[in-house]
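Below you'll find the structure, written out as structure tokens, and then a few comments.
Numbering (our numbering), first residue to last: 1 to 177.
See the structure below:
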């Protein structure tokens with residue numbers, strides 16, 4: 001699996017990956033999430049233009065997963081990570097997160113953050129296995145509070161959500177084998 005920067009012409013492919021990956025939310029009683037539209041092309045284009053969008057590619061260099069991130073309060077915030085279900089459970093999401101962690105360390109960024117569903121197996125429990133810890137409400141930074149407000153306005157608070165943080169250290173890789 002190769003991880004590289006997203007190309008402009010691949011942005012519609014990212015939308016297709018997100019739509020396909022979202023379908024599994026039907027299986028856990030969250031059809032509204034399954035039916036949610038992916039990020040618009042102009043928004044994905046802003047991530048790509050800022051150099052904050054990466055893809056995992058197959059043997060033909062076609063994207064099968066992607067990650068986009070923002071800088072929020074001095075940390076890389078994972079806005080979205082999606083893997084096409086045809087290649088799920090092969091460590092692709094982990095590889096994308098590891099790439100972001102490596103870039104963060106090289107840039108002196110101390111942590112990764114994200115927001116996610118608390119009880120969906122491939123959300124908070126998944127991230128916890130890779131060193132992310134749930135933040136208490138009082139520990140949220142102003143930027144994370146703003147993200148949570150936007151998510152609530154979008155209706156995501158129908159289901160329990162959490163903010164998570166993974167501290168980065170150049171001494172010990174926190175990613176399990």
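All C-beta atoms, glycine included, are put in the ideal place defined by N, C-alpha and C.
- prompt: Three-state secondary structure (DSSP) at residue 44?
  reply: helix
message: Quick check: what's the CA-CA separation for residue 84 versus residue 146?
response: 29 Å
message: What residue range does the alpha helix (DSSP H) around residue 146 cover?
response: 142 to 153
Opening and closing residue of the beta strand (DSSP E) in which residue 79 lies: If you look at residue 79, you'll find it in the beta strand (DSSP E) that goes 75 to 83.
- prompt: Apart from the five residues just before and just after residue 159, which ones in its own chain have a Cβ nearer than 7 Å to its Cβ?
  reply: Around residue 159: 30 and 117.
- request: Quick one: using the 10 Å Cβ neighbour count with 16 as the cut-off for buried, is residue 50 buried or exposed?
  value: Around the beta-carbon of residue 50, fewer than 16 other beta-carbon atoms lie within 10 Å, marking it exposed.
- prompt: Cα separation between residue 57 and residue 9?
  reply: 14 Å
- request: Quick one: which unbroken alpha helix (DSSP H) runs of 4-plus residues sit fully inside the region 61 to 138? Chain order, please.
  value: Listed in chain order, the complete alpha helix (DSSP H) runs (minimum 4 residues) inside the region 61 to 138 are 92 to 107 and 124 to 128.
- prompt: How many Å lie between residue 133 and residue 12 at the Cα?
  reply: 32 Å
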